[in-house]
Amino acid sequence: MRTNLDFSPFYRSSIGFDRIFNLLENASPSQNADNWPPYDIAKLGEDTYRIVVAVAGFGEDELTITHEPNMLVIEGTKGENEEVQYLHHGLALRPFFRRFELADHVSVVRARLENGLLIIDLKKEIPEEMKPRRIAINTEPGNGPASKRIEANVAA
Numbered sequence: 047m048r049t050n051l052d053f054s055p056f057y058r059s060s061i062g063f064d065r066i067f068n069l070l071e072n073a074s075p076s077q078n079a080d081n082w083p084p085y086d087i088a089k090l091g092e093d094t095y096r097i098v099v100a101v102a103g104f105g106e107d108e109l110t111i112t113h114e115p116n117m118l119v120i121e122g123t124k125g126e127n128e129e130v131q132y133l134h135h136g137l138a139l140r141p142f143f144r145r146f147e148l149a150d151h152v153s154v155v156r157a158r159l160e161n162g163l164l165i166i167d168l169k170k171e172i173p174e175e176m177k178p179r180r181i182a183i184n185t186e187p188g189n190g191p192a193s194k195r196i197e198a199n200v201a202a
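Below, the structure is given as structure tokens:
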């Protein structure tokens with residue numbers, strides 16, 4: 047399902063934002079989307095985030111976390127125990143595949159498994175060369191007034 051917003055005017059006046067517009071167009075969840083396992087996303091600080099996924103019943107060896115460019119993929123696979131005959135099977139220990147879109151320069155700091163919760167800490171670190179910097183405008187002697195400075199805003 048797509049959104050009703052038309053981003054075509056932005057395509058005419060911006061360059062390199064295709065990925066952001068595609069994310070916005072495809073942001074609405076699918077009607078058939080599987081919402082299992084449940085998860086939380088928390089903002090802990092200005093540049094720190096945490097994803098907590100409820101994975102009760104899964105061990106560390108049954109969980110896989112993959113950090114791809116701009117994507118975090120969490121996969122859980124539970125081995126079948128064929129020797130057990132269930133009289134009632136109510137635990138949701140089925141395999142799952144969960145994706146999280148990550149912004150540029152967001153990296154995984156650590157991941158741990160605590161009390162049935164998979165906790166993944168993330169941090170956004172903008173490289174020094176991409177941060178705003180002050181540019182001095184120097185004039186040659188005899189070409190006008192003394193030097194002027196342009197100050198950039200601090201990056202968010």
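Count along the sequence shown from 1, add 46, and you get the number used in my numbering. Note that the Cβ used here is the ideal one computed from N, Cα and C, for glycine as well.
- The three-state reading of DSSP puts D64 in helix, counting H, G and I together.
- Contact between the segment 148–168 and the segment 94–112 is present: three or more C-beta pairs spanning the two stretches fall below 8 Å.
- Between the alpha carbons of D80 and A182 lies a gap of roughly 54 Å.
- Per DSSP, the beta-bridge partners of E121 are T110, F143.
- Segment contact: the segment 110–124 against the segment 133–147, three or more CB-CB distances shorter than 8 Å; contact assigned.
- Note: L164 is bridge-paired with V99, L159 in the DSSP secondary-structure output.
- By the Cβ criterion, the segment 122–140 is in contact with the segment 103–110, since at least three pairs of Cβ atoms, one from each stretch, lie closer than 8 Å.
- Per DSSP, the continuous beta strand (DSSP E) segment holding Y85 begins and ends at 85–89.
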